[in-house]
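Residue numbers (the numbering used here), protein chains in the order written: chain Y, 14 to 328; chain B, 4 to 310.
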């Protein structure tokens, strides 16, 4: 286990380094001089521009700029927001819990819908419920997150008046209101992942249901639900854990749109606001932290895969 | 499903063991491509998806002939009119005909879908071929770069690229294409590694063909099926991505119509004019669903073992 963990960590270090290069290079795509953007109304003053360039190390060669930036990142300093002059890491830490709450709820909803639907589809292979589950899954994959959000606001909030159409209340403030403001966005965000989990679970269950030990379990007279849930599902879920973890990227991407539609002040909304305010350090910070979280959560899923897979546990 | 089991086995065998020795004969008259096409045509949902795509392409090409009104012409006497005989999908906040805008919006979406995927394939396929065929350090370096790009969630990377490049449809297509390229690279690399172990590659090597020639002339034509499947599914993802970027204001800019930007402005009038949000969304849904159906159909047709 230790060896496996060491190898995986050794693999992700170059990946994270390359992510940092990629994120740093984003700034080079920006048309024009960043100092001009930062100087605002003082852009005509050469002294101000020179001072900004010196402060941001823009007057140094690119590799030196990268090393300086990376040195700061490793110390937790992601730079300062050009617009509100606050540390980017502080802004991210303020917004991250909101997105994490939304993401956790969305993933729970996705598992609660996707896994049972996948089991039913596999058990009922090529029969009515399989076709229904597949059709709903495909529809879920093809529905844009933001459109589903808008349609649900129209139905649930505007027509029925059951839930607030937008806004956010934190769990600490009022948990009931917090659930009321996040349940609909979480469902919207979980929808696409539920469809993917359904497909993975169905495929994994179909493989497992053909195995000899499942046939043996049936042959010794166990009831079908015991065979499916206790014998087949336990093994089918092993690959689903890893494949499900890959969908965390979908979750982060979806959060950007969901938070925009429901006006939730999270991580995703912050990157969109930063884009329109041309607050590039915030954009870079969000991309870097998202990639870091994604890599770490995938590492966690890989570890979980080894822990829950008895065949790999001793390896 | 209606095929007998032995026919399916024959079909699977003839696609997996496609060597010159098994050239079409009277007993086995069909090429793997013909068999795949036959299997594809036996999937009614995939064929329906293809029909809808053809319809959308027709609508996009002939938009000026089909659209009943000018999509950007405003009319202060027809602001937010509900669907009627004069305006089948109603009018928007500037009195513009929604049907005409949905029709012209198909252009932006399909164009973005196809162009982004061409950009992605243009970067990803040669890189994957190089990584898979050259191996060694080339493979290690390219694979790590792909890992790094895949670590950045697709839409977040596309948003960041579009933000730094500037908001317009062309930059959105570049951003989506670049963000999608790693997926093509992965698929191509895996298919190249698989194809490289075949005897015809060994034979090509043995008669002294240079590596680039073997990769381009012998390996590439044999890895087209998985790239085609990836391409079709990637168009679906690219259409959603373009709509998402336009919805956020980073794609098609007003007054030019795009399904995503139409949904953005529809959000402000949900209670007064709900039709503004329904039709552009349906357009995205149908287009994406069709490409997904065709992609799934192609995958099943080209690799019957995975059914």
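Note that the Cβ used here is the ideal one computed from N, Cα and C, for glycine as well.
When you compare only the Cα positions, how much space is there between residue i and residue j?
i                      : j                      : result
residue 84 of chain B  : residue 91 of chain B  : 10 angstroms
residue 145 of chain B : residue 185 of chain Y : 46 angstroms
residue 214 of chain B : residue 208 of chain B : 8 angstroms
residue 112 of chain Y : residue 43 of chain B  : 42 angstroms
residue 36 of chain Y  : residue 81 of chain B  : 47 angstroms
residue 7 of chain B   : residue 224 of chain B : Caution applies to residue 7 of chain B, whose pLDDT of 43 falls short of 50 and renders its modelled position unreliable; the model cannot decide the point.
residue 200 of chain Y : residue 124 of chain Y : 11 angstroms
residue 216 of chain B : residue 152 of chain B : 29 angstroms
residue 109 of chain Y : residue 79 of chain Y  : 26 angstroms
residue 230 of chain B : residue 132 of chain B : 11 angstroms
residue 64 of chain B  : residue 27 of chain Y  : 46 angstroms
residue 245 of chain Y : residue 236 of chain Y : 13 angstroms
residue 119 of chain Y : residue 131 of chain Y : 18 angstroms
residue 121 of chain B : residue 121 of chain Y : 36 angstroms
residue 77 of chain B  : residue 184 of chain B : 39 angstroms
residue 93 of chain B  : residue 72 of chain B  : 12 angstroms
residue 99 of chain B  : residue 134 of chain B : 51 angstroms
residue 105 of chain Y : residue 280 of chain Y : 7 angstroms
For residue i, which residues from the same chain have a beta carbon less than 7 angstroms from its beta carbon, with the 5 sequence-adjacent residues on both sides left out?
i                      : result
residue 173 of chain B : none
residue 66 of chain Y  : 48, 72
residue 291 of chain Y : 50
residue 128 of chain B : 187, 191, 230
residue 11 of chain Y  : Given that chain Y is displayed from residue 14 to residue 328, the structure contains no residue 11 of chain Y and the question cannot be resolved.
residue 226 of chain B : 191, 194, 195, 198
residue 60 of chain B  : 113
Label residue i either buried or exposed according to how many other C-beta atoms from any shown protein chain fall within 10 Å of its C-beta, with 16 as the threshold for buried.
i                      : result
residue 138 of chain Y : exposed
residue 233 of chain B : buried
residue 311 of chain B : Residue numbering for chain B in the displayed model covers 4 to 310; residue 311 of chain B lies beyond these limits and cannot be assessed.
residue 267 of chain B : buried
residue 162 of chain B : buried
residue 55 of chain Y  : exposed
residue 283 of chain B : buried
residue 89 of chain Y  : exposed
residue 81 of chain Y  : exposed
residue 136 of chain B : buried
residue 336 of chain B : Residue coverage of chain B in this structure runs from 4 to 310, which leaves residue 336 of chain B outside it and unanswerable.
residue 282 of chain Y : buried
residue 16 of chain Y  : exposed
residue 22 of chain Y  : exposed
residue 68 of chain Y  : exposed
residue 260 of chain B : buried
residue 58 of chain Y  : exposed
residue 126 of chain Y : buried
residue 149 of chain B : buried
residue 37 of chain B  : exposed
residue 247 of chain B : buried
residue 243 of chain Y : exposed
residue 143 of chain B : exposed
residue 200 of chain B : exposed
Enumerate in chain order the residues of its own chain whose CB-to-CB distance from residue i is below 6 angstroms, with the five nearest sequence positions on each side excluded.
i                      : result
residue 357 of chain Y : Residue 357 of chain Y is absent from the structure shown; chain Y starts at 14 and stops at 328.
residue 249 of chain Y : 217, 218, 221
residue 304 of chain B : 39, 42, 43
residue 255 of chain Y : 314, 318
residue 299 of chain Y : 284
residue 165 of chain Y : 197
residue 160 of chain B : 182
residue 180 of chain B : 119, 122, 123
residue 130 of chain B : 145, 188
residue 75 of chain B  : 258
residue 182 of chain Y : 190, 191, 194
Within the same chain, show all residues whose beta-carbon is closer than 8 angstroms to that of residue i, passing over the 5 residues directly before and after it, in chain order.
i                      : result
residue 163 of chain Y : 274
residue 40 of chain Y  : 47, 293, 297
residue 83 of chain Y  : 33, 37
residue 61 of chain Y  : 52, 55
residue 111 of chain B : 172, 245, 249, 254, 255, 259, 260, 261, 262
residue 86 of chain Y  : 33, 301
(request) Quick one: which unbroken alpha helix (DSSP H) runs of 4-plus residues sit fully inside the region 22–78 of chain Y? Chain order, please. (result) Runs of the alpha helix (DSSP H) inside the region 22–78 of chain Y: 47–52, 59–68.
(message) With a threshold of 8 angstroms, are at least 3 pairs of Cβ atoms found where one atom belongs to the region 254–268 of chain Y and the other to the region 194–212 of chain Y?
(response) Yes, the region 254–268 of chain Y is in contact with the region 194–212 of chain Y.
(request) Please confirm if the region 289–296 of chain B is in contact with the region 138–158 of chain Y, defined as three or more CB-CB distances below 8 angstroms between the two stretches. (result) Note that the region 289–296 of chain B touches the region 138–158 of chain Y; at least 3 beta-carbon pairs, one per stretch, sit closer than 8 angstroms.
(request) Specify whether the region 131–148 of chain Y and the region 240–257 of chain B touch according to this definition: at least 3 beta carbon pairs, one from each stretch, less than 8 angstroms apart. (result) Too few Cβ pairs lie closer than 8 angstroms, so no.
(request) Mind the definition here: the region 94–104 of chain B touches the region 236–243 of chain B only if three or more C-beta pairs lie below 8 angstroms; say whether that holds. (result) These segments do not touch.
(message) Report the start-end ranges of each alpha helix (DSSP H) in the region 69–142 of chain Y that is 4 residues or longer and not cut off at the edges.
(response) Counting only runs of 4 or more, we get 75–87, 101–136.
(message) Quick check on the DSSP output: what are the complete alpha helix (DSSP H) runs of length 4 or more inside the region 137–204 of chain B, in order along the chain?
(response) Listed in chain order, they are 139–154, 157–168, 172–199.
(message) Going residue by residue through the region 31–113 of chain B, where are the continuous alpha helix (DSSP H) segments of at least 4 residues, counting only ones entirely within it?
(response) Within the region 31–113 of chain B, the complete alpha helix (DSSP H) runs of at least 4 residues are 35–44, 47–64, 66–69.
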